[in-house]
Structure formats: structure tokens, C-alpha cells
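This report refers to the structure that appears directly beneath it.
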Amino acid sequence: MNLTTSSELSQTRYRIAESILEFNHPVNYPLAQLLPSFRDFQWLDSSDKTDISITVSLAKAPIPEDLGTLRTDESIAWGDRFRFYEKEDTFITTISNEQGNGLWYLQSDRNFEHSTLYVPTSSADEQGGVITWMAMMIFGQASLLHNTIMIHASVVNHEGKGVAFLGKSGTGKSTHSRLWLKHIPNTVLLNDDNPAIRITDEGVLIYGTPWSGKTPCYKNEQLPLQGFVRLQQAPMNEFEWQTGLKGFIAVLPSCTSIRWNKELFSNMNTILEKIIAQVPVGYLKCLPDAAAAELCHSYLFSNE
Amino acid sequence: MKLRSDLVLRTIGSDHLIVDPSQDRIDLSTVYTLNSSAAWLWEQLKGKGFTSDTIVDLLCENYDVDIDQAKSDAEILLQDFQKQGLLEK
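Sequence lines, in order, name chains S and G. Take 5 as the starting number for the first sequence in the working numbering and just add one per residue. Take 30 as the starting number for the second sequence in the working numbering and just add one per residue.
Shown next, in the form of C-alpha cells:
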């Protein structure tokens, strides 16, 4: 007699940039195996309060006829398989499954603190990929309630300090990080795509996360943030500090927040305002060469 | 009239700005910059109903301007707010 087992949920918890992310999933669902990039972030202390919860359901998704207002269908990761809707007090994210005969269906409350994800027919690879991405999207919003912003950046660790390189896709953020690893001694990669930044009493810290773009670099580490550098490809190398408003505007496009929840968007700006008051921002026009990394390093670490 | 309640005036160093998130499908969020007197007026006006006269009074009480100058400055500021969509509809 074991009729209740199928509806029992177990919890798998992670701590990312000090926020606790909890998955509730069927006992026999191999969640941890599906999320290898989360391994370093597993959190076993169940007494801590959950900040963000995601329930994974294998039941049939309760897809309504009217999904609400289509807010966006643009996604670099999913192309035209992706849709994002606002409906009353919820946001709905859908991704067509690979076979094209089902939908990944995610329903989140307005602040993304509680979400339910319905899993369609799919391979283990697809499940790992979609759940990892959905968790990133959720974390990017809900973390804004905890003085934390997820940014789009490649980050190096130079002698225990983090430097975040910003720029549009294809600008060469990862390339510039690699130039530091090769030419600036005592430098390693912290994260190549989606680090989180948090304001603490001890200053502004930058954290590795389970999300790092195409580079498998999922470090559960935190560093004081030494500076941001926005990169632009150019036929020469030139560094300029950006103060006040210019610094804010240089970092803003790299920060994560949906625009359709104005409180979250406002939180993002408030956190960024505080970060910019403490962390310098530079603008580097650069070639993909050693001299670019050396110039950038000389400005950021000039007093050391 | 009223200032939009969802907009927050921010100060970074000596700069004042407002970020207006685009609600369209395409992300074209806008950053408005305000000089220090416009920023001061924003703080005085936020959260309440006001008219052009409210601004004229505020300017005359706190700045060394005559009434005609204040009226014309208030008019220009209001037109800017209107044009940029910073007032509640």
C-alpha cells in the first residue's frame, strides 16, 4: 500500500549569491542529476528560509485558452520556441518542446518568488537545458528583492578581486577575459556570462552562479567587485573612466529585470544606483590583444 | 496634473536622472536627465496634484527670479514633462 508516493514532493535546495532557491519535485525525479552546473551550489541546511521556490510538475499543464498579453517572443536561447505573457497577477513563460508536440509551461507570481513549471514530453538533455534556463530567468527577477542583480558579463578574479567586462553579444567579453588569463599574472575566470552582484555591509560583492553561457565555469565563490569595464571593439586601445550618470548608463543595459513589473524594474535601478556609488566604471575601446588587457589592468589596479 | 507615480528620481554623484522602462515589445527604455532645479522641483511636486501656478510659486519662493521669468520657466518645464510623457494621463 503506497498510494500516496506519486504525489509526494521532495526538496532540492541551492544557495546562489546568498539567496535560497528551492525546487519542489516528485521524489523520483532526478533533478540534481539534470542540473550539473548547480552542483557546487547545493545547500543542505533546511532551516534557512526559502527565498525563491520552483515546483516542477509532471502533470498535464493547465494551459488556459487565453494566455494573457504577449509581452515578448524574443529569445536568443530559444528563438521562436519562446513566448512570455502577462496575465492578471502572473507571468507565463512557454517554450515549445523539441519534438514540437508539447509546451514547457511556467507560471510565476509577479515577483517570481513562486513558480510552477510543467514538464512536457522531453529528453533528459532538454529537461536539463530548459530547467537551468528557467531557473536563471526566475533568479534574475526574484533576486532583485534581495539587493542582488544578475548581470550579463564575463568576470575575472585577479588577486581576489572581481572585474566585470560588459558589452553587447559579440563584443568580445569572453575574449577580453581570456586575454587577462593569459597575460595578467594571478588571474582566473569567475564566470563567463551571468554573475550576480550583491550589496552587503562589507561592500559590493560579485558571485559566480550556475549560469555561465557557453563556458562551463560554475564557481560558488564571491569576490569584492573592483570595477566594471564596458568594452567596444576599436582599431586601437583606449581607456576612459565613466563617472556619475555616464557610469550608470554604461552598466544599465547589462542588468537583468523584466520591464513589465515596475516594482522589480525600480528595485533594479535602486540597487544599481547604490552599486555605482561604490564601484568605478570604465570604458575600454580595444583590440583583441595583450596590450588591451594590460592597459585595462593598469587603470583598475593603479594603486596596488 | 500629477507626475507619474511609477517614476523615481535618482541621484548619482551630481547627476539627476529618471529611468522609464519601455512597455513595448522592443526594449527601448529611456533615461531622462534633469538639472538640479528641475530635480528639486520633481521632489517638491511628486505625489500631489499641481498646476503651473504651483511651480511658479515654488520658483519664486526658492530662487531669485521675477514672476515673469518664473512663469516662462514653469511653462517650458511643463511642456518638457508633457512631451516626454512624465505626467500621469
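Cβ coordinates follow ideal geometry from the N, Cα and C atoms, glycine included.
Notebook entry, point to check: Does any C-beta atom of chain A lie closer than 8 angstroms to the C-beta of LYS218/S?
Noted result: Absent here is chain A; the protein component of the structure consists of chains S and G.
Check: Where HIS187/S and LEU71/S are concerned, what is the direct C-alpha to C-alpha distance, given to the nearest angstrom?
Finding: Each residue's alpha carbon lies about 52 angstroms from the other.
Checklist line | Continuous alpha helix (DSSP H) stretch holding HIS187/S: start and end | finding: Per DSSP, HIS187/S belongs to the alpha helix (DSSP H) from 177-187.
Notebook entry, point to check: Listing by chain order, which chain G residues have their CB less than 8 angstroms from the CB of THR270/S?
Noted result: Here the sequence assigns Ser to residue 270/S, which means Thr is not the residue at that position. Simply ASP35 and VAL37.
Margin query: With the cut-off set at 8 angstroms, would you say CYS300/S and LEU291/S are in Cβ contact?
Written below: Their beta carbons are not under 8 angstroms apart, which means CYS300/S does not touch LEU291/S by this criterion.
Checklist line | DSSP bridge partner residues for GLY104/S (one or two, in chain order) | finding: Beta-bridge pairing links GLY104/S to no other residue.
Next item on the list: Measure the Cβ-Cβ separation of LEU116/G and ARG39/G and say whether it is below 8 angstroms.
Entry: It is not a contact, given that the beta carbons lie outside the stated cut-off.
Check: Between the C-alpha atoms of THR9/S and PRO34/S, what's the straight-line distance to the nearest angstrom?
Finding: For THR9/S, the predicted model reports a pLDDT of 46, less than 50, meaning its position is unreliable and no value from the coordinates is stated.
Next item on the list: Return helix, strand or coil for THR76/S, following the three-state DSSP convention.
Entry: In this structure, THR76/S counts as strand in the three-state DSSP scheme.
Margin query: Which runs of the beta strand (DSSP E) at least 3 residues long sit entirely within the region 109-178 of chain S? Give them in chain order.
Written below: Restricted to the region 109-178 of chain S, the beta strand (DSSP E) segments that are unbroken, complete and at least 3 residues in length are 118-122, 152-154, 158-162 and 165-170, listed in chain order.
Margin query: Quick check on ILE20/S: does DSSP put it in helix, strand or coil?
Written below: Strand at ILE20/S.
Check: In its own chain, which residues sit with a C-beta less than 6 angstroms from the C-beta of ILE20/S, not counting the 5 before and 5 after it?
Finding: Cβ neighbours of ILE20/S beyond the five flanking positions: PHE45 and THR213.
Item checked: Residues that GLN52/G contacts on chain S, provided the C-beta gap is smaller than 8 angstroms -> Residues of chain S passing the Cβ test: ARG263 and TRP264.
Next item on the list: Return the Cβ separation of ALA103/G and VAL85/G in integer angstroms, given the expectation that the two are a contact with Cβ distance under 8 angstroms.
Entry: That belief holds up - the Cβ atoms of ALA103/G and VAL85/G are roughly 5 angstroms apart, short of 8 angstroms.
Notebook entry, point to check: Can we count LEU36/G as close to the ligand GTP, meaning its CB is less than 7 angstroms from some heavy atom?
Noted result: Among the ligands in the structure shown, none appear at all, so the ligand GTP cannot be discussed.
Check: If we count the other Cβ atoms within 10 Å of its Cβ and call it buried at 16 or more, is LEU7/S buried or exposed?
Finding: Unreliable placement is indicated for LEU7/S, whose pLDDT of 45 sits below 50; the coordinate value is still reported in the next sentence. Exposed, by the Cβ-count rule.
Next item on the list: Could you tell me the distance, in whole angstroms, from the CA atom of LEU88/G to the CA atom of LEU256/S?
Entry: Spanning the two alpha carbons is a distance of roughly 33 angstroms.
Check: Should ASN161/S go down as buried or exposed, given a rule of 16 or more other Cβ atoms within 10 Å for buried?
Finding: Counting Cβ neighbours within 10 Å, ASN161/S comes out buried, since at least 16 surround it.
Checklist line | Strand pairing of ASN273/S, partner residues [DSSP] | finding: DSSP lists no partner for ASN273/S.
Next item on the list: Note down, in chain order, every chain G residue with its Cβ under 8 angstroms from the Cβ of GLY248/S.
Entry: Contact note: GLY248/S reaches chain G through ILE41, GLY42, SER43 and ASP44, using a C-beta cutoff of 8 angstroms and chain order.
Next item on the list: Kindly list, in the order they appear in chain G, the residues whose Cβ is closer than 9 angstroms to that of GLU90/S.
Entry: Correct list: empty, because the minimum Cβ distance to chain G is about 10 angstroms.
Next item on the list: Put SER14/S into one of helix, strand or coil per three-state DSSP.
Entry: The answer is strand: DSSP assigns SER14/S an E or B state.
Check: Of all Cβ atoms in chain S, is any one closer than 8 angstroms to the Cβ of THR59/G?
Finding: Taking 8 angstroms as the threshold, the shortest C-beta distance from THR59/G to chain S does not fall below it.
Note to self: If I follow the unbroken beta strand (DSSP E) through LEU227/S, where does it start and stop?
What the structure shows: 226-237 is the span of the beta strand (DSSP E), which, as asked, contains LEU227/S.
Item checked: Beta bridge counterpart(s) of GLY207/S as assigned by DSSP -> Here GLY207/S is bridged, per DSSP, to THR204/S.
Notebook entry, point to check: Straight-line CA distance for LEU148/S to LYS278/S?
Noted result: Looking at the two C-alpha atoms, the distance is approximately 13 angstroms.
Notebook entry, point to check: Thinking just about the alpha-carbon of each residue, which of CYS221/S, GLY166/S, THR204/S and THR175/S is nearest to the one in LEU229/S?
Noted result: If you compare the alpha carbons of CYS221/S, GLY166/S, THR204/S and THR175/S with that of LEU229/S, the shortest gap goes to GLY166/S.
Item checked: Test: LYS31/G CB closer than 8 angstroms to a CB of chain S -> So, not an interface residue.
Item checked: Close-in-space but distant-in-sequence residues of the same chain around ASN241/S (CB under 8 angstroms, 5 per side omitted) -> If we look at ASN241/S and ignore the five residues flanking it on each side, its Cβ neighbours are LEU288, LYS289, CYS290, LEU291, ASP293, ALA295, ALA296 and LEU299.
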